[in-house]
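Heads up, the thing below is written out as structure tokens.
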Amino acid sequence: MKLDGKVPPGSLGEKWTKYRSTMPLVAPNNKRRIDIIMVGTGLAGASAAATLGELGYNVKCFTFHDSPRRAHSIAAQGGINAAKNYQNDGDSVYRLFYDTIKGGDYRSRESNVHRLAEASRNIIDQAVAQGVPLAREYGGLLANRSFGGVQVSRTFYARGQTGQQLLLGAYQALSRQISLGNVEMYNRHEMLDLVLVEEKDSNGKPVKKARGIIARNLLTGELERHAAHCVVLGTGGYANLFYLSTNAMNCNVSAAWRTVRRGALMANPCFTQIHPTCIPVSGDYQSKLTLMSESLRNDGRVWVPKKEEDAKAIREGKKTALDIPEEDRDYYLERRYPAFGNLVPRDVASRAAKTACDQGLGVAPTGLAVYLDFEAAFERYGKSKAHATGLHNPSMETIIDLGRKVVEEKYGNLFEMYEKITGENPYIMPMKIYPAVHYTMGGIWVDYNLETNIPGLFVTGEANFSDHGANRLGASALMQGLADGYFVLPYTIGDFLSREIRTPKIDPKQPAFEQAENDVRDRINKLLNIKGDHSVESFHRRLGKIMWEYCGMSRNEQGLLTARQLLRELKDEFYRNVFVPGTNEEYNPELEKALRVADFMELGEVMILDALNREESCGGHFREEYQTEDGEALRRDDEFAYVAAWEYNGWDEEPKLHKEHLVFENVELKTRSYK
Amino acid sequence: MSLTGLFLISFLVIHLIGNLQLLIDDEGEKFNLYAEFMTTNPVIKTVSYLLYFSILLHAVQGWMIWRKNRAARGQGYAVKVTRGAKGNSPKVAKAMGWIGTVVFIFLLLHLYQFWFQMKLDVIEYVEYNGESVKDLYSLVSVTYEDITFVIIYVLSMAVIAFHLLHGFQSAFQTLGLNHKKYTPFIKTVGTLYAILIPLGFAIIPLYMYFLL
Amino acid sequence: MKLTLKIWRQGGKYKGEFVSYVLDKVSEHMSFLEMLDVLNEELVEKKETPVSFEHDCREGICGSCDMVINGQPHGPMRGTTTCQLHMRHYNDGDTIVIEPFRAKAFPVIRDLVVDRSSFDRIIQAGGFISVDTGQAQDANNTPIEKTTASEAFDAATCIGCGACVAACPNASAMLFTSAKVAHLSMMPQGKVEAKRRVQAMVKQMDEEGFGMCSNVTACEAECPKEISVENIAKMNREYISAVFGSETSV
Chain H
0 MKLDGKVPPG
10 SLGEKWTKYR
20 STMPLVAPNN
30 KRRIDIIMVG
40 TGLAGASAAA
50 TLGELGYNVK
60 CFTFHDSPRR
70 AHSIAAQGGI
80 NAAKNYQNDG
90 DSVYRLFYDT
100 IKGGDYRSRE
110 SNVHRLAEAS
120 RNIIDQAVAQ
130 GVPLAREYGG
140 LLANRSFGGV
150 QVSRTFYARG
160 QTGQQLLLGA
170 YQALSRQISL
180 GNVEMYNRHE
190 MLDLVLVEEK
200 DSNGKPVKKA
210 RGIIARNLLT
220 GELERHAAHC
230 VVLGTGGYAN
240 LFYLSTNAMN
250 CNVSAAWRTV
260 RRGALMANPC
270 FTQIHPTCIP
280 VSGDYQSKLT
290 LMSESLRNDG
300 RVWVPKKEED
310 AKAIREGKKT
320 ALDIPEEDRD
330 YYLERRYPAF
340 GNLVPRDVAS
350 RAAKTACDQG
360 LGVAPTGLAV
370 YLDFEAAFER
380 YGKSKAHATG
390 LHNPSMETII
400 DLGRKVVEEK
410 YGNLFEMYEK
420 ITGENPYIMP
430 MKIYPAVHYT
440 MGGIWVDYNL
450 ETNIPGLFVT
460 GEANFSDHGA
470 NRLGASALMQ
480 GLADGYFVLP
490 YTIGDFLSRE
500 IRTPKIDPKQ
510 PAFEQAENDV
520 RDRINKLLNI
530 KGDHSVESFH
540 RRLGKIMWEY
550 CGMSRNEQGL
560 LTARQLLREL
570 KDEFYRNVFV
580 PGTNEEYNPE
590 LEKALRVADF
600 MELGEVMILD
610 ALNREESCGG
620 HFREEYQTED
630 GEALRRDDEF
640 AYVAAWEYNG
650 WDEEPKLHKE
660 HLVFENVELK
670 TRSYK
Chain Z
0 MSLTGLFLIS
10 FLVIHLIGNL
20 QLLIDDEGEK
30 FNLYAEFMTT
40 NPVIKTVSYL
50 LYFSILLHAV
60 QGWMIWRKNR
70 AARGQGYAVK
80 VTRGAKGNSP
90 KVAKAMGWIG
100 TVVFIFLLLH
110 LYQFWFQMKL
120 DVIEYVEYNG
130 ESVKDLYSLV
140 SVTYEDITFV
150 IIYVLSMAVI
160 AFHLLHGFQS
170 AFQTLGLNHK
180 KYTPFIKTVG
190 TLYAILIPLG
200 FAIIPLYMYF
210 LL
Chain L
0 MKLTLKIWRQ
10 GGKYKGEFVS
20 YVLDKVSEHM
30 SFLEMLDVLN
40 EELVEKKETP
50 VSFEHDCREG
60 ICGSCDMVIN
70 GQPHGPMRGT
80 TTCQLHMRHY
90 NDGDTIVIEP
100 FRAKAFPVIR
110 DLVVDRSSFD
120 RIIQAGGFIS
130 VDTGQAQDAN
140 NTPIEKTTAS
150 EAFDAATCIG
160 CGACVAACPN
170 ASAMLFTSAK
180 VAHLSMMPQG
190 KVEAKRRVQA
200 MVKQMDEEGF
210 GMCSNVTACE
220 AECPKEISVE
230 NIAKMNREYI
240 SAVFGSETSV
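Chains as they are written, first to last, in numbering that gives the first Met the number 0: chain H, 0 to 674; chain Z, 0 to 211; chain L, 0 to 249.
And the structure:
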């Protein structure tokens, strides 16, 4: 199979505009006759469904949640990037493009990333028009802050709840289309299979197109067939493969994975993002990890004690952070990366935290935590506030107090959340943080149109692999989800649909649908009939441990081979000994989980193989064998500047690798340095 | 609810000012002349019909809301704790239905004892400057010689105080008159009102029982 | 610590009744939902049906978790969702009664899971600004006062969990509806259709069978995002002026 990215010709800056202006369109009267299935209602899904509805298509939209508003985009905290250059600090579309390519360690497609940077500006306009209450300055204009990996201030935000506000904007736009009858909403429905229908193309050659899905009504267990001219996925990432992640409990890969089982390709699955600032794990019962926004690194300083004995005393509870004098603290990010300091990209910050903890300098009882300290920010802001309010010679206490109030305004909800979870007051004690799995850059392979190798199947947002390369910069996920949904897919889908205007309504009674429905039923019955002894949860937890241990923040060949072995053993045991209570014909969250964990295990194997195959270190993928003398990632552009897209056909067949070579015409491949 | 409530609230002030004339040491002359004026002036009479209507409407509305709200809950909780927002007591607000019912029963008694007697014309007359007017004052003072009625009236005033405590600021909230700068002021006025007005009314039977 | 849980079970073999469970070895660092996870895992290992409850993000933002704990939606802590409630607020030997949100407009689906789609329908009635993708002007063309934006944000932080309805003695959805009405009407972009919006949303809210507001303020007290009842006053004002002061009707 030859992977064609279908990148349009022309210079980087004009490609998208030109393509958009010349691509075939679907006339309004024809749009009314075309059905589109949208799976997922996060930023990408909700915005795409709303926009497609506005354009006049008939949209059927699916979510497994009780309401489209609950998608996990809602939890994004820090902000959204846009090349508006409102701060007059030298930002531009090109700079955002360049930062994203560089931040992604040169493993993404130039054309896609440039398009993303272009669309970023429209997103902010659109959000404001929808009434999203983004943060403002006293003059009434939009405020910005900085995020990791960049030297301009281009992140728009709504306190620590930017994702929520943007998602609600998209949800409201979607709600409007539902009320107008352009979108039919299916809540509590989970996509369990993709339906391919074999047709003849214009040359009379047989071709299989995505024409529908099998969805399970989560309240009744009924398997429903839904047919449409094309299927769009916006189903998010697969970080929950690691069990403990910052993703919501129900985030899963199943919808996307089912398309892989029908022939789509899984691209770069080993590119997983480990977020450096999460609340550390506290016990075995723990169900998920909580992120503390990266924006905190704007003002927080990361450190560990210089002396091992101090770290030990802290771990044993004999000392606290406040007992360590300034000269005994190692602000290791500032020391190692003076140019970017605490604002190095996520992968770099995460690995540095791991290195510090591996050296025995960790500060939590588990040994796995570093400090994020706001003392300096309290002082800085306090002084400025005192100055602004005309206080002369204020005492240090007053300054710190004033500073705390400023910090509270900026990050109040994050500090509160931290205190709720840990029981410690972060205004007094520095926060303890540790990296955790957060986002997955890998995903379903798509071309420039966001179409997969299966005609008629499109994938948007985190679920595709397209824009972030090997590492995503902070505040870029919201940007990508909304760019795909509002400004890219609604155009590019026309390329496929303009050739479908003569296709009549798709009939869900045809054999392909029946076959797919039966396949799903067999999978469900198989799981229900195992009647073993252990809960699904226990298998998921064990799966997560294997993956985090061997395929987490750093990886090596031996470990990955071991992981594959352990994973296969776990899979065998799962299919022998899992217990799924209840029946299919009822509300059964355990059954939902079992189907998802089964898919996670298959993906796990592909992830391990991808990590084995990629014999280099880049972005979120760190192979211990490939590092520089001072422990930095060693990229190997000559051999690995490609997208690894995997074909998977089940446990008994070796997954097959397809490569899309990345061509860089506009940026020079350099070693990423933040020093 | 809020409009009738506010109307009744404003009525209470007039009612209290008039009734405080009972405390004047003139054998009830001013009070009786005032009562005569209030029952014969055509403008006042029109307003008084509006008042009766408001009382009934307020009660009926209250009852309808109570029914609708009970239906909205459906099956109740086994355990329920109700907290109010900071600076608000949910207890009175929750009990407004019951409190209102007590107030309504009190009103029936109150109207029977004074207003009804006057209307039925079973009341004695007294002459001032050759003019014969109904001697409501004597009726009141006889009533308040009975300690039972004094207690009933004073307790009822306490209940009305609670009713007003919630009702006053609630009316403003319902009409959308909530403002960061003015709401604290409204709340203070409401609290003072809810204490002072019923207190004023309660003083009358106490004064007449103990001091006259 | 050791806890006794009395949990409402409904659906499957349960007709709608409280079932008691005793749970040993609850750690004070667990979240409330993690404590229920432990119970469920024990139930599954005993081949019993686990307790159904809704949950997802577990960081207090998705609004999925819905349960009334000892008489209070989301439990005893102010400004906290169930998923962020931690067991350090309970003592060894405590009995905890857990019930679903109770309202006619929130029918129970199973155990602690209720159907809150009535909220979606209220938003669909008018909780949006009618702007199509691509119609927007530059974001900085309309300045908005910082405090206005901030107040609108405070209203917009609603997570749609339904605790306001569950807490209200009248099962009223005024706080939910008013938070959206207030948010959108405070933004200049939302003012254009404010008159239509408030009437449409209030109409839908009434049709769903929610109760009426009697200013108890339990909604604000239990709201995990501490959304103020000031929004209800704002909506009332908006509603009165829309119904009596404008020609727009729904």
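Here a beta-carbon is modelled for each residue, glycine too, at the ideal position from N, C-alpha and C. Here the structure is a predicted model, which means the values were calculated and not measured.
Query, Result
"Contiguous alpha helix (DSSP H) assignments of at least 4 residues, all confined to the region 178-232 of chain L", "187-190, 193-206, 217-221"
"Buried or exposed by the 16-neighbour rule on C-beta atoms within 10 Å, applied to D24 (chain Z)", "exposed"
"Under the three-state DSSP convention, the category F663 (chain H) falls into", "coil"
"CB contact below 8 Å: T147 (chain L) versus chain B", "This model lacks chain B altogether; the protein chains it does include are H, Z and L."
"Touching by the beta-carbon criterion (3+ pairs, under 8 Å), the region 461-479 of chain H and the region 263-273 of chain H", "yes"
"The alpha helix (DSSP H) enclosing N612 (chain H), as first and last residue numbers", "588-612"
"The region 191-205 of chain Z in contact with the region 157-171 of chain Z per 3-pair CB rule at 8 Å", "yes"
"DSSP three-state assignment for R300 (chain H), whether helix, strand or coil", "strand"
"Same chain, Cβ closer than 7 Å to Y127 (chain Z), neighbours up to 5 away in sequence not counted", "E28, L32"
"Positions along the region 59-90 of chain Z whose CB lies within less than 7 Å of some CB in chain L", "I64, K67, N68, A70, A71, R72, G73, Q74, G75, Y76, A77, V78, K79, V80, T81, R82, G83, A84, N87, P89"
"Straight-line gap, K317 (chain H) to E308 (chain H) (C-alpha atoms, nearest Å)", "11 Å"
"Whether I54 (chain Z) touches L106 (chain Z) by CB criterion (8 Å)", "yes"
"Whether A0 (chain L) touches V25 (chain L) by CB criterion (8 Å)", "In the sequence on display, residue 0 (chain L) carries Met and not Ala. Taking 8 Å as the Cβ cut-off, M0 (chain L) and V25 (chain L) qualify as a contacting pair."
"Boundaries of the alpha helix (DSSP H) in which P204 (chain Z) is found, first to last residue", "182-210"
"Supposed contact pair S119 (chain H) and M478 (chain H) - C-beta distance, whole angstroms, cut 8 Å", "5 Å"
"Segments assigned beta strand (DSSP E), at least 3 residues, entirely inside the region 5-46 of chain L", "13-22"
"Outcome for M63 (chain Z) when other beta-carbon atoms lying within 10 angstroms are tallied against a minimum of 16", "exposed"
"Whole-angstrom distance between E615 (chain H) and T439 (chain H), CA atom to CA atom", "18 Å"
"Min CB distance T257 (chain L) to chain H below 8 Å", "Outside the displayed span of chain L (0 to 249) sits residue 257 (chain L), for which this structure offers no information."
"Chain L contacts from the region 146-175 of chain H (Cβ-Cβ distance under 7 Å)", "A157, R158, Q160, Q163, Q164, L167, Q171, A172, S174, R175"
"Paired residues, beta bridge with R224 (chain H) - DSSP", "H:I213"
"For G59 (chain L), the nearest candidate out of H:R69, H:P27, H:L51 (CA to CA)", "H:R69"
"Complete alpha helix (DSSP H) runs within the region 53-99 of chain Z (minimum length 4 residues, chain order)", "89-93"
"DSSP state of H54 (chain L) mapped onto helix, strand, coil", "coil"
"Cβ-Cβ separation, T176 (chain L) to M211 (chain L) (assumed contact under 8 Å), whole Å", "The pair is not a contact, with the Cβ atoms about 12 Å apart (cut-off 8 Å)."
"Contact with chain Z by G252 (chain L), beta-carbon distance below 8 Å", "A question about residue 252 (chain L) goes unanswered here, because the residues of chain L that appear run from 0 up to 249."
"Spatially closest choice to I36 (chain H) from H:A226, H:D200, H:I100, by CA coordinates", "H:A226"
"Inter-residue Cα distance where the pair is S553 (chain H) and H620 (chain H)", "7 Å"
"Contained beta strand (DSSP E) runs [length at least 3] in the region 385-457 of chain H, N- to C-terminal order", "430-439"
"DSSP three-state assignment for H64 (chain H), whether helix, strand or coil", "coil"
"Sub-8 Å separation of R498 (chain H) and G531 (chain H) beta-carbons", "no"
"Chain Z contacts made by the region 153-173 of chain L, where a contact means CB separation under 8 Å", "A166, P168, N169, A170, S171"
"Straight-line Cα distance separating Y485 (chain H) from F573 (chain H)", "41 Å"
"Run of the beta strand (DSSP E) containing L232 (chain H), from where it starts to where it stops", "229-232"
"Any C-beta of chain L under 8 Å from that of S169 (chain Z)", "yes"
"Within chain H, partners of L183 (chain L) - CB distance below 8 Å", "G130"
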